[in-house]
Amino acid sequence: MLTLHSPLDMHVHLRQGDMLRLVAPHTARSFAAAVVMPNLAPPVTGAAQVLEYRQAILEAAGHPFEPLMTLFFREYSRAELEEAKPHIVGVKLYPAGMTTGSEAGLADMERAAPTLAHMEALDIPLLIHGEGCGFVMDREAAFLPVVERWSRDFPKLRIVLEHVTTAAGIALLERCGNLFATVTLHHLLITLDDVIGGLMRPHLFCKPVAKRPEDRAALREAALSHPRAFFGSDTAPHPVTAKEAPGCAAGIFSAPVALPALAALFEELGALDRLQAFVSDRACAAYRLAPPAREVTLRRRAWTVPERIGTVVPYLAGQTLNWMVD
Ligand SMILES: [Zn+2]
Numbered sequence: 002m003l004t005l006h007s008p009l010d011m012h013v014h015l016r017q018g019d020m021l022r023l024v025a026p027h028t029a030r031s032f033a034a035a036v037v038m039p040n041l042a043p044p045v046t047g048a049a050q051v052l053e054y055r056q057a058i059l060e061a062a063g064h065p066f067e068p069l070m071t072l073f074f075r076e077y078s079r080a081e082l083e084e085a086k087p088h089i090v091g092v093k094l095y096p097a098g099m100t101t102g103s104e105a106g107l108a109d110m111e112r113a114a115p116t117l118a119h120m121e122a123l124d125i126p127l128l129i130h131g132e133g134c135g136f137v138m139d140r141e142a143a144f145l146p147v148v149e150r151w152s153r154d155f156p157k158l159r160i161v162l163e164h165v166t167t168a169a170g171i172a173l174l175e176r177c178g179n180l181f182a183t184v185t186l187h188h189l190l191i192t193l194d195d196v197i198g199g200l201m202r203p204h205l206f207c208k209p210v211a212k213r214p215e216d217r218a219a220l221r222e223a224a225l226s227h228p229r230a231f232f233g234s235d236t237a238p239h240p241v242t243a244k245e246a247p248g249c250a251a252g253i254f255s256a257p258v259a260l261p262a263l264a265a266l267f268e269e270l271g272a273l274d275r276l277q278a279f280v281s282d283r284a285c286a287a288y289r290l291a292p293p294a295r296e297v298t299l300r301r302r303a304w305t306v307p308e309r310i311g312t313v314v315p316y317l318a319g320q321t322l323n324w325m326v327d
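Offset between the sequence shown (1-based) and the working numbering: plus 1.
Below, the structure is given as structure tokens:
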């Protein structure tokens with residue numbers, strides 16, 4: 002048995018409407034709170050929209066659960082950010098066109114500076130989908146110089162490199178004291194080989210794409226030990242018709258398996274005692290959060306991940322896991 006205190010998922014896509022009602026209970030069952038991404042249609046860009054979305058999540062959650070809300074990055078005035086600040090934990094920046102729902106993202110990084118200055122002054126963290134243009138395997142590396150420059154130009158701004166996938170991204174944590182990173186479950190488990198090395202596996206296709214074994218090794222090391230790396234699943238459901246399609250949507254629905262699969266991995270790495278830090282303590286320190294007190298217990302009990310949850314194929318479908326959320 003393993004009891005986690007206020008486990009947190011610092012990067013989730015809960016979607017809207019029927020999909021929200023289907024997936025939110027899976028996050029809320031395992032986590033005391035989660036950072037909710039704002040890439041809806043239309044994106045979440047104001048305090049009123051934040052509050053409306055938060056209410057919809059609370060109604061869908063079905064468990065005691067705190068949604069930690071974010072705004073979608075655009076050019077904001079100081080007054081707009083001041084109005085939103087009591088209701089959000091950060092602002093999420095998507096470079097235009099990099100992933101699902103990022104069409105309204107930022108096309109010219111140079112235009113971000115005034116808004117970043119307001120965020121720094123108001124102490125609002127910046128969350129970044131850190132990919133630039135270029136060859137798909139190199140997009141994260143291509144964006145890291147922008148992150149490094151912002152970290153230097155805005156030294157009091159806390160910056161979170163979301164779903165870090167590369168050893169270079171982890172190395173940047175050493176050079177930037179105000180930089181943090183979320184690490185997903187799937188990037189700790191798979192490499193690109195698992196996605197396209199044999200038969201193509203659409204349910205493992207995500208953005209940023211899984212990288213090389215040496216990148217995965219760096220992510221694992223950071224998950225075990227780095228004080229500024231913490232868990233963000235990037236759970237991102239799509240209906241099976243959008244995944245098993247000629248143009249396969251990017252995203253992995255990992256919420257139903259996140260804690261059991263993390264427990265299995267940390268146990269395999271001989272580090273079960275560090276799971277609490279990865280799934281809660283370091284994130285609390287980074288975001289200066291006092292999350293709702295909630296204990297979530299994992300038991301050693303084998304179960305098979307369902308092939309379908311509603312219209313969605315979950316990560317690790319059909320596989321047997323040896324830990325179960327009580
Ligand atoms: Zn995401």
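Cβ atoms here follow ideal geometry from the backbone N, Cα and C, with glycine treated the same way.
Fair warning: this is a prediction, and the values are worked out from it, not measured in the lab.
Let me confirm a value: residue i is counted as buried when at least 16 other C-beta atoms fall within 10 Å, else exposed. Which label applies?
{"i": "residue 49", "result": "exposed"}
{"i": "residue 230", "result": "buried"}
{"i": "residue 141", "result": "buried"}
{"i": "residue 254", "result": "buried"}
{"i": "residue 134", "result": "exposed"}
{"i": "residue 264", "result": "buried"}
{"i": "residue 137", "result": "exposed"}
{"i": "residue 103", "result": "buried"}
Where does residue i sit, in a helix, a strand or coil, going by DSSP?
{"i": "residue 43", "result": "coil"}
{"i": "residue 100", "result": "coil"}
{"i": "residue 67", "result": "strand"}
{"i": "residue 18", "result": "helix"}
{"i": "residue 120", "result": "helix"}
{"i": "residue 4", "result": "strand"}
{"i": "residue 250", "result": "coil"}
{"i": "residue 38", "result": "coil"}
{"i": "residue 107", "result": "strand"}
{"i": "residue 317", "result": "coil"}
{"i": "residue 227", "result": "coil"}
{"i": "residue 171", "result": "helix"}
{"i": "residue 13", "result": "strand"}
For residue i, list the residues DSSP reports as bridge partners.
{"i": "residue 304", "result": "322"}
{"i": "residue 296", "result": "6"}
{"i": "residue 332", "result": "Since the displayed the chain opens at 2 and closes at 327, residue 332 lies outside it and no answer follows."}
{"i": "residue 160", "result": "127, 180"}
{"i": "residue 236", "result": "13, 253"}
{"i": "residue 191", "result": "Looking at the DSSP assignment, residue 191 forms no beta bridge with any residue, so it has no partner."}
{"i": "residue 197", "result": "Per DSSP, none; premise fails for residue 197."}
From which residue to which residue does the beta strand (DSSP E) around residue i run?
{"i": "residue 183", "result": "180-184"}
{"i": "residue 93", "result": "91-94"}
{"i": "residue 129", "result": "127-129"}
State yes or no: is the C-beta of residue i nearer than 6 Å to some heavy atom of ligand 3?
{"i": "residue 38", "result": "With respect to ligand 3, the structure offers nothing, as its ligand set consists of ligand 1."}
Leaving out five residues before and five after residue i in sequence, what residues of the same chain have Cβ atoms less than 7 Å from its Cβ?
{"i": "residue 149", "result": "173, 176, 177"}
{"i": "residue 168", "result": "215, 216, 219"}
{"i": "residue 203", "result": "244, 245, 249"}
{"i": "residue 20", "result": "238"}
Residues in its own chain within less than 6 Å of residue i by CB, not counting five upstream and five downstream?
{"i": "residue 293", "result": "33, 67"}
{"i": "residue 64", "result": "29, 30"}
{"i": "residue 195", "result": "205"}
Leaving out five residues before and five after residue i in sequence, what residues of the same chain have Cβ atoms less than 8 Å from its Cβ?
{"i": "residue 45", "result": "39, 51, 54, 70, 71, 72, 73"}
{"i": "residue 5", "result": "260, 276, 277, 280, 281, 296, 297, 298, 299"}
Looking at the secondary structure, which residues open and close the alpha helix (DSSP H) in which residue i lies?
{"i": "residue 231", "result": "From DSSP, residue 231 is part of no alpha helix (DSSP H) but of the beta strand (DSSP E) over 230-232."}
{"i": "residue 58", "result": "48-62"}
{"i": "residue 147", "result": "140-154"}
{"i": "residue 241", "result": "241-244"}
{"i": "residue 132", "result": "Counting along the chain, residue 132 falls outside any alpha helix (DSSP H), and DSSP gives it neither H nor E."}
{"i": "residue 285", "result": "283-288"}
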